[in-house]
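Worksheet: the structure to be examined is printed underneath.
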Amino acid sequence: MSTSEALVVIRNRMENPTAKVGFILGSGLGHLADLVDGTAIDYSDIPGFPHAGVSGHNPKLVIGKLMGVNVAILGGREHYYENGRADAMRVPLETLAALGVDTLFATNACGSFLSEIPPGNLMLLNDHINYSGLSPLIGEPTDRRFVNLTNAYDPDIRKQLLGLAQTLQIPLREGVYAWYSGPNFETPAEIRMLKTLGADAVGMSTVPEVILGRFLDMKCCAVSVVTNMAAGLGNEHISHEHTKASAPIGAAKLERLIKAYLAQIAAA
Ligand code: HPA
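Structure representation (structure tokens):
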């Protein structure tokens, strides 16, 4: 119901809104939305969109052109830890799907487990571990809830992004992202455990959105900006202030990568 109400608001602001690639921007990564030539609508004006938000996010839906591609950018996300709702981004993502988005590009800030991917660098997700045990599809009554998450992170897009990063000389390694509920950061013992379980990085988002993206038949990809070594693995003091202050270093690389990705789509 809310998704159709959201669409009414968007169509009142824009004639014929349409988009191919959808983005979700993480903490400190909101700048990309400012580059779009299009229409920005505050989340607070759109039914079903998150209304509170986390500092460092830019809670606007921006629809328009970036590098010649029709995009829809979700400038911020609601996390599970805000209200205990794993499906908080369902209406925004259903709205994107209704606008024609067939590719979801999620971004986030994360803590790295790998000395090869230190702060200021990017990690391309090739899989995830849903350590929360939650799903945004709990309560979905149809058989569509049984979403297959093999290759949830689209292999063709990953290959494309790895190639572009090489051309741009941006270090880009693939890795497994573990979703930890937050809002507190992890303990060093939890990080050792997650590493033993096969994760390469940890964060508090993205996994429920990728599950929803696959539910909505979108091709999905996600890139993490490493803002810190995870608890117990580095010397910096881990804090949200630190996340917001460190994100722009990696975000500048991510912005170049995203622009090149979109330019390649526009040229195809
Ligand atoms: N843990 C969880 N989420 C994060 C981290 C972290 O170390 N850094 C940035 N987001």
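Residues 71 to 338 (our numbering) make up the sequence shown, in order. Glycine included, C-beta positions come from ideal geometry on N, C-alpha and C. As the structure is a prediction and not an experimental result, all values here were calculated from the model.
Residue i Cβ short of 6 Å to ligand 2 heavy atom set
{"i": "residue 148", "result": "Ligand 2 is not among the ligands present in this structure, which contains only ligand 1."}
Ligand 1 heavy atom lying under 6 Å from the CB of residue i
{"i": "residue 297", "result": "yes"}
{"i": "residue 266", "result": "no"}
{"i": "residue 257", "result": "no"}
{"i": "residue 84", "result": "no"}
{"i": "residue 292", "result": "no"}
{"i": "residue 179", "result": "yes"}
Local conformation of residue i per DSSP, three classes
{"i": "residue 155", "result": "coil"}
{"i": "residue 181", "result": "strand"}
{"i": "residue 175", "result": "strand"}
{"i": "residue 93", "result": "strand"}
{"i": "residue 306", "result": "coil"}
{"i": "residue 245", "result": "strand"}
{"i": "residue 273", "result": "strand"}
{"i": "residue 139", "result": "strand"}
Whole-angstrom C-beta distance between residue j and residue i, which should lie under 8 Å
{"i": "residue 193", "j": "residue 245", "result": "5 Å"}
{"i": "residue 108", "j": "residue 128", "result": "Residue 108 to residue 128, Cβ: 14 Å. No contact."}
{"i": "residue 106", "j": "residue 132", "result": "5 Å"}
{"i": "residue 91", "j": "residue 165", "result": "About 14 Å; that fails the 8 Å criterion."}
Cβ neighbours of residue i in the same chain (closer than 6 Å, five flanking residues each side left out)
{"i": "residue 93", "result": "143 and 175"}
{"i": "residue 150", "result": "156 and 251"}
{"i": "residue 75", "result": "117"}
{"i": "residue 184", "result": "270"}
Span of the alpha helix (DSSP H) around residue i
{"i": "residue 132", "result": "Note, residue 132: premise wrong, no alpha helix (DSSP H); beta strand (DSSP E) at 130–136."}
{"i": "residue 147", "result": "First-last for residue 147: undefined, no H or E at that position."}
{"i": "residue 82", "result": "72–83"}
{"i": "residue 259", "result": "258–266"}
Segment limits, beta strand (DSSP E) that includes residue i
{"i": "residue 294", "result": "289–299"}
{"i": "residue 109", "result": "107–112"}
{"i": "residue 193", "result": "192–199"}
Contacting residues, own chain, Cβ-Cβ under 7 Å from residue i (five flanking each side not counted)
{"i": "residue 284", "result": "217, 219, 222 and 290"}
{"i": "residue 304", "result": "298"}
{"i": "residue 205", "result": "156 and 281"}
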